Amino acid sequence: MEVEKIDQLIEIIVQNFDEKSNIVFVEKKGKNIWSMLSLMQFEDDMEYWDMPTHIRDISGRKGFLFDISINEGRIVSEIQRFIDEHNLDKRDFSLY
Numbered sequence: 001m002e003v004e005k006i007d008q009l010i011e012i013i014v015q016n017f018d019e020k021s022n023i024v025f026v027e028k029k030g031k032n033i034w035s036m037l038s039l040m041q042f043e044d045d046m047e048y049w050d051m052p053t054h055i056r057d058i059s060g061r062k063g064f065l066f067d068i069s070i071n072e073g074r075i076v077s078e079i080q081r082f083i084d085e086h087n088l089d090k091r092d093f094s095l096y
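The numbering of the sequence shown is the UniProt record's numbering, which starts it at 1 and goes up by one.
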C-alpha cells in the first residue's frame, strides 16, 4: 500500500484490490473526495493518459480501480498532476 500526502491536505491511498486491480482512495482532510474528482471528469482524464479507471464501492467507501499492470508510482503522479491542475488542494468545498 502506498500513501502519498500532498501539502498535508490530500492523501492518495493505493491498495491491492484483487489479482487484476489496485484501488485508489483520494481523501482531503480525512474525507473521501471521489465525487469531486468525478465531477471534474477524472475518469476521462485518466483514460486520455491510457490509464482507464472506474469507481468501485467497497463497504461504503468509494475509490477508483486501476489495472494492476499500471505502475503505482505512475498512478500517484497522475493523480497529483490532476489535483494540481484543478487546485483541489486549495479549493474549499463541502465534503460529503
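Even glycine gets a Cβ: it sits at the ideal position worked out from N, Cα and C. In this text, all values refer to a predicted model and were calculated from it rather than measured experimentally.
Anticipated Cβ contact below 8 Å, F64 with I23, distance rounded
A Cβ-Cβ distance of about 7 Å is found for the pair F64 and I23, placing them in contact under the 8 Å criterion.
For E19, which of helix, strand or coil comes out of DSSP?
E19 falls in the coil class under three-state DSSP.
For D57 and D89, what's the separation of their Cα atoms in angstroms?
Cα to Cα, D57 sits roughly 24 Å from D89.
Ends of the alpha helix (DSSP H) at V73?
Reading off the sequence, residue 73 comes out as Gly, not Val. Here the alpha helix (DSSP H) through G73 covers 72-85.
Counting only the same chain and skipping the five closest in sequence on each side, list residues whose C-beta sits under 8 Å from that of S38.
I55
Within 10 angstroms of the Cβ of K28, are there 16 or more other Cβ atoms? Answer buried if so, exposed if not.
buried
Taking only runs of the beta strand (DSSP E) that begin and end inside the segment 21-46, which ones reach a length of at least 3 residues, in chain order?
21-28
For my contact list, R74 and N32 are in at a C-beta cut-off of 8 Å; report their separation, rounded to the angstrom.
Not confirmed; about 22 Å, so no contact.
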